[in-house]
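Working notes, beginning with the structure itself.
Residue numbers (the numbering used here): 980 to 1164.
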């Protein structure tokens, strides 16, 4: 069985994987499975009030989970040079544990071939959060992932060609009328 198939089997069964995202090392699970999301929260020692980021492989996949958003989002996605996470005002079909308290959701359309293959094999978005204990530095290589995290995950999907960006994605928030707020540079 390929590593991608094993990773998707783990995710579909409610497990959590450790994998290199399109920016840094991350934890991933099925964002529609509340028990898997809770497991990620426990692993990261993360406050339940914080929302998560999802990765999708395409705009059509994004549109399945974000029912409406301003037209400017298409331009932002198409012209982004660096990984860009957009927080949309509403979402559907996801665990309430991944959304903000206001129902918003942060989603990034990944351009990374490795992440795209994982998502396409899974055929659904993947929850993506940095593989660190909340408040600790982001792991830019597998060696910097805390041992407590490694012991609690269900599978590691490695990419020998991974090159960390040293920083997580940029984050912007889109209002219902198209207003843009910079959240993280």
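Heads up, the beta-carbon is just placed ideally off N, CA and C, and yes, glycines get one too.
As the structure is a computational prediction, the values presented were derived from the model and not from experiment.
Taking C-alpha positions only, residue 1016 is separated from residue 1091 by approximately 23 Å. Burial of residue 1001 is indicated by the presence of at least 16 other C-beta atoms within 10 angstroms of its C-beta. Excluding the 5 residues flanking it on each side, residue 1128 has same chain C-beta neighbours closer than 8 Å at 997, 1006, 1022, 1023, 1110, 1111, 1112, in chain order. Annotation: the continuous beta strand (DSSP E) that includes residue 1035 extends over 1032 to 1035.
The three-state reading of DSSP puts residue 1043 in helix, counting H, G and I together.
Beta-bridge annotation (DSSP): residue 1149 is paired with 1063. Going by beta carbons, residue 1088 and residue 1010 fall outside the 8 Å limit. Taking C-beta atoms as the reference points, residue 1105 and residue 1085 fail to come closer than 8 Å. In this structure, DSSP gives residue 1093 a helical state, which the three-state scheme calls helix. Cβ atoms of residue 1056 and residue 1107 stay farther apart than 8 Å, at about 16 Å.
Taking the Cβ atoms as the reference, residue 1080 lies roughly 19 Å from residue 1046, outside the contact range of under 8 Å.
For residue 1159, the secondary structure class from DSSP, reduced to helix, strand or coil, is strand. An exposed status is given to residue 1058, since fewer than 16 other beta-carbon atoms sit within 10 Å of its beta-carbon.
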